[in-house]
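Asks: Heads up, this note's numbering is the position in the sequence shown plus 341, with the first residue counted as 1.
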Amino acid sequence: MRTVRPARVPTAGNSLPSGPGSLTATQRRLGRDWRLATLFLAPMAVLVGSLVLVPIARSIVTSTTERHGQDTVFVGLDNYLALVGDEQFHTGVVNSFVFTAYAEVFKVVLGLSAALLLHQRRRGRAVLTGLLLVPWVVPTVVTAFSWRALLDPIFGSVNTLLTATGIGPLLASAHLVDSWPAGWLSDPSLAMPSVILVNVWKGVPFFTVCFLAGLKAIPADLYEAATIDGASSLQRFTHVTLPGLRHVLTVTVTLSSIWTFNNFDLVWLLTQGGPGDVTAPYVLVAYSKAILQLQYGAGAAVTLVMLPIIGGLVFVLVRLLRQDTTSRLPRRRQAAWWIGARRRAGTARRALPWAVAAGVTGLLFWASPEIFWKAAVVLGVILLVAAAVGRVVSTLQSRGGRRASSLVSGLGSGVALAGLLFFVLGPLYWIAVTAFKSEGQVVMRTDDLWPTPWTLEQFGALFDNQPFGRWYLNTLLVSAASTAVALVCAALAGYALARLRFRGAQGFTVTVLLTYVMPGALLFIPLYQMLIGARLTDSLWSLVVTYPTFTLPFATWLLVGYFSSIPVELEEAALVDGCTRLQAFGRVMLPLAKPGLLAVALFTLTNAWNEFLFAFVFITKDEYKTLPVGMQSMIAGDVVPQGQLAAASLLVSIPVVIMYALGQRFLTEGLTAGAVKG
């Protein structure tokens, strides 16, 4: 016979909803859960305050000073006024704008195309998604090395392949390149497009995963309703897919724009800003002034002048994340709303995106006319091919040829996926085979596609000639320590912001988001000064202390979304059974948040594993270098040990790729519940 256990009376530590009369005066003023919130938020507040807010304030003060020998002199706004006539700074700003704008356009087009292709597949989607994620996972130093080798004008496989297929001479005759063979990274007219290409290669997987998560959230009956109403495939894409992805698209583009605009490591590793200054972004200008010339004030002024641009992007992002993106209309009515949205929208609202697009297009044409028409040709070819295939499929469907349309659609998507996989996996395949070549095969360029014989010579030379084992251990220790800090602090802060009631919760959440998108370019100068004062440079502690600046805010932001997605009734049931808030957090919330915690661990570990800027600035001694900085130091002038670098790249990438392969499901689930949905 079943016995019914009476419910336990909640203890004093519980925080069940109570009436206003049961709250103390302090609780009414500061919030019901202010004490527990203070306890949970204290670690994050200390770290963010000391590592982000204080350095920013210090950077503002530093920008008003100038170094004269051993003395630092207050100069007011002189550093800012000097930037008005600084040609290097002007070039850096234009380069950052051009680099970001073109990269984002192609990331959106290719990422959305890849997401649509994968979303339509029923078999092998998980495997294909995992393969497309690899470029995003591999460290930036691996990306830069592989593409530097592939784009080499004499020994690179890109020129060899394009010459063999006849595409290279065709590009020259169409004036897309000035001469053949092309000097991709050494030609001033091709260096920036080449750097943009590499950034797109690395960024497309992030867009693909985010768009896939967004496509899964669009109800299927919206497409059915649109089809019944007679909408074509293009109309369904325009009036259902794009509006359904609007939130994900805008958030993803804004985040990626902030990252790309402040990119340093990829540009430095590929070209070091050259030839001349044609690829030097404003971050590299700040690095040159502050670190190489020891003019901290001038370098800080460069980063702070760009703060309004970053602030504008952050403002847009915060506004988007605070919007309620879930419609309350019935789905049938929602479908009609999607289709009629443009008709109901005001004229100004409809014209705003077109005005922004026209303004950006005009600026791009003014800033880089040579790149503009080349990008237009490439983008036009991609869109024309996609439109032609879609038109053929729609025509066959309208004439009743369902089998023929399915065949054409499947063939077109298969060819597109094959081309995309070739673009994504080609550089990684080149790394893998080069790592197992002998030095003679690498130098003589024999057996390019398949080593004969396979050998471990490069791995032996790597450990014999370089302190690679020490770099590996340093990276492992720093990554593990920063991940542990991020998990503990983010879990506490994320739960407090998602569940507890206290005054200032919304402001704290916005502060977390702001610190997350604050670029490393804004922080590395004041952090470098602080580390010098604390005598922590050239030590692993300098990295353990500073890495939370970019791992902790993101981890907290993602977990806020994930904790919010857990039904509150589960926690309330635990409180009714006598658990305290702490017990409910440990026994109910943390186990249920395991996918979010694993997603956070993957992101933070990967970011720490790949980080270059802080390690490059703070560490100079070989025994304390991490893998990205150590591998960069292996290149001495024009001497590039390609075989050893390929072996190092393979050893650096394998652990991260395995972790992502095992945790891909948790990554997608964490993105869907947290970062993408906001």
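C-beta: ideal position from N, C-alpha, C; glycine also.
Provide the residue(s) that pair with T406 in DSSP beta bridges, ordered along the chain.
Replies: Answer by DSSP bridge pairing, in chain order: F415.
Asks: Using only alpha-carbon positions, find the residue among P534, G653, G544, A641 that is nearest to G615.
Replies: Closest by alpha carbon: P534.
Asks: May I ask you to verify whether the segment 886 to 903 touches the segment 844 to 854, counting CB pairs closer than 8 Å and requiring at least 3?
Replies: Counting Cβ pairs under 8 Å, three or more are found: they touch.
Asks: Under 8 Å by Cβ, that's how I've got L946 and S754 pegged, so tell me the actual separation to the nearest angstrom.
Replies: Wrong, their Cβ atoms sit about 34 Å apart, outside the cutoff.
Asks: Look up A696 in the DSSP assignment and say whether it is helix, strand or coil.
Replies: Residue state, collapsed to three classes: helix.
Asks: Where does V980 sit, in a helix, a strand or coil, going by DSSP?
Replies: V980 falls in the strand class under three-state DSSP.
Asks: Going by DSSP in three states, H516 sits in which element: helix, strand or coil?
Replies: Note: H516 maps to coil in three-state DSSP.
Asks: Determine the extent of the alpha helix (DSSP H) in which L453 is found, giving its start and end residues.
Replies: 428 to 461 is the extent of the alpha helix (DSSP H) around L453.
Asks: Distance check for Q807 and P982, CA to CA, integer angstroms please.
Replies: So the two alpha carbons sit approximately 11 Å from each other.
Asks: Comparing alpha-carbon positions, which option in T824, F959, L841, I401 lies nearest G874?
Replies: Closest option to G874, Cα to Cα, is F959.
Asks: Between the C-alpha atoms of P622 and T612, what's the straight-line distance to the nearest angstrom?
Replies: Each residue's Cα considered, the two are about 11 Å apart.
Asks: Look at the alpha carbon of S905 and the alpha carbon of G937, and state the distance between them as a whole number of angstroms.
Replies: Distance between the alpha carbons of S905 and G937 is about 11 Å.
Asks: Where do the N-terminal and C-terminal ends of the alpha helix (DSSP H) with I569 fall, by residue?
Replies: Its alpha helix (DSSP H) spans residues 561 to 569.
Asks: Given a threshold of 16 other Cβ atoms within 10 Å of its Cβ, counted over all protein chains shown, does V608 qualify as buried or as exposed?
Replies: With 16 or more Cβ atoms within 10 Å of its Cβ, V608 is classed as buried.
Asks: Quick one: Cα of T352 to Cα of T921, how far?
Replies: Note that T352 has pLDDT 41, beneath the 50 cutoff, so the model's placement of it is unreliable and no number is given.
Asks: Please report the distance separating the alpha-carbon of F763 from that of A383.
Replies: Between F763 and A383, the C-alpha separation is close to 48 Å.
Asks: With T595 as the anchor, note down where its alpha helix (DSSP H) starts and where it stops.
Replies: T595 -> alpha helix (DSSP H) spans 587 to 602.
Asks: For the putative contact between N951 and P480, defined by C-beta atoms under 8 Å, what is the C-beta separation to the nearest angstrom?
Replies: Confirmed, about 4 Å.
Asks: Can G638 and N420 be called in contact, C-beta distance under 7 Å?
Replies: Yes, Cβ-Cβ distance for G638 and N420 is below 7 Å.
Asks: Are at least three pairs of beta-carbons, each pair with one atom in the segment 900 to 915 and one in the segment 797 to 805, less than 8 Å apart?
Replies: Touching, no.
Asks: Which same chain residues, not among the five before or five after D618, have their C-beta less than 8 Å away from its C-beta?
Replies: So the qualifying residues of the chain are Q429, T432, G433, N436.
Asks: Should A565 be labelled buried (16 or more other beta-carbon atoms within 10 Å of its own) or exposed?
Replies: The residue you asked about is not Ala; residue 565 is Glu in the sequence shown. So E565 counts as exposed.
Asks: Go ahead and label H409 buried or exposed: buried means 16 or more other beta carbons lie within 10 angstroms of its beta carbon, across all protein chains shown.
Replies: So H409 ends up on the exposed side.
Asks: Compare the C-alpha of P396 against each of F865, L881, M975 and name the closest.
Replies: For P396, the nearest C-alpha among the options comes from F865.
Asks: Using 8 Å as the Cβ pair cut-off and three pairs as the minimum, do the segment 560 to 580 and the segment 642 to 652 touch?
Replies: The segment 560 to 580, when compared against the segment 642 to 652, does not touch it at the 8 Å Cβ threshold.
Asks: Alpha carbon to alpha carbon, how far is A444 from H580? Give it in angstroms, no decimals.
Replies: Spanning the two alpha carbons is a distance of roughly 26 Å.
Asks: Let's see if you can read the secondary structure: which residues bound the alpha helix (DSSP H) around C830?
Replies: From DSSP, the alpha helix (DSSP H) with C830 extends over 809 to 840.
Asks: Assuming A455 and L761 are in contact, meaning their beta carbons sit under 8 Å apart, how far apart are those beta carbons, in whole angstroms?
Replies: Yes, they are in contact, since the Cβ atoms of A455 and L761 sit about 6 Å apart, within 8 Å.
Asks: State the Cα-Cα distance for the pair S400 and G417, rounded to the nearest angstrom.
Replies: The straight-line gap from Cα to Cα measures roughly 13 Å.
Asks: Can you tell me the Cα-Cα spacing of T406 and V414, whole angstroms?
Replies: Near 5 Å, if we compare the C-alpha coordinates of V414 and T406.
Asks: Among G767, R844, P908, L933, which one has its Cα closest to the Cα of T484?
Replies: With distances taken between Cα atoms, T484 lies closest to G767.
Asks: When burial is assigned at 16 or more other CB atoms within 10 Å of the CB, is M871 buried or exposed?
Replies: Buried, since its Cβ has 16 or more Cβ neighbours within 10 Å.
Asks: From the DSSP output, in three-state form, read off W882 for me.
Replies: In this structure, W882 counts as helix in the three-state DSSP scheme.
Asks: Going straight from the alpha carbon of I632 to that of L531, what length do you get?
Replies: Straight-line Cα distance between these residues: approximately 28 Å.
Asks: In its own chain, which residues sit with a C-beta less than 7 Å from the C-beta of A987, not counting the 5 before and 5 after it?
Replies: So the list reads I772, T775, A776, Q799, once near-sequence residues are dropped.
Asks: Once DSSP output is grouped into helix, strand and coil, what is the label at G845?
Replies: Coil at G845, not helix or strand.
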